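In C-alpha cells form, the structure reads like this:
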C-alpha cells in the first residue's frame, strides 16, 4: 500500500535548483526523488545528532511536542523510553506516613544501649573451644 503524498511548494535559491537539476540529469532520477532522498537522509542524520536529540527531549519534557512527534522522528523504542522517563519525572514520590508519630528524645534514648559484638569473633571462639 502506497503512502499518501503531500504536495510541497517552496522557494529555493536558483543556484541550488540548478545544481539539483544537474545531479538529477546525471543520476537519471526526478527532482522530486532527489529531494525526498535528501530530506530522508537529513532526518536520519538529525535523529543521531546529540544536540538535536537534546532539543527534542527538552521540547517533549516541556510539553511543546507530543509522543507521536517523538515517535515519528526517533522511532517507537526511543520514544517509549522518553515517555517512561517523563512519567517517572512527573510522578510525585510517596511520602512516608507514621501511624503513631516519632518517639520523644527521652523515650528513644532512655534505654540502655546494647553493646555491639562481632558475631564472627564469637563464632570463631566457639569453634576453637570445640577443637
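Residue numbers (our numbering): 26 to 156.
We put the CB at the ideal spot given by N, CA and C, even for glycine.
These numbers were taken from a predicted model, which means no experiment stands behind them.
Taking 8 angstroms as the upper bound for CB-CB distance, residue 49 and residue 55 are in contact here, some 6 angstroms apart. Residue 138 counts as exposed, since fewer than 16 other C-beta atoms from the protein chains shown sit within 10 angstroms of its C-beta. When DSSP states are grouped into helix, strand and coil, residue 31 belongs to the coil group. In the structure shown, the three-state DSSP call for residue 90 is coil.
Rounded to the nearest whole angstrom, the C-alpha separation of residue 63 and residue 113 is 37 angstroms.
For residue 142, there is no enclosing alpha helix (DSSP H), since its DSSP letter is neither H nor E. If you ignore the 5 residues before and after residue 58, its C-beta comes within less than 8 angstroms of the C-beta of 49, all in its own chain and listed in chain order. Nearest neighbour of residue 79 by Cα position, chosen from 107, 52, 100, 93, turns out to be 107. In this structure, residue 98 lies near residue 71, with their beta-carbon atoms less than 9 angstroms apart. Counting every other CB atom within 10 Å of its CB across the protein chains shown gives residue 81 a total of 16 or more, marking it as buried.
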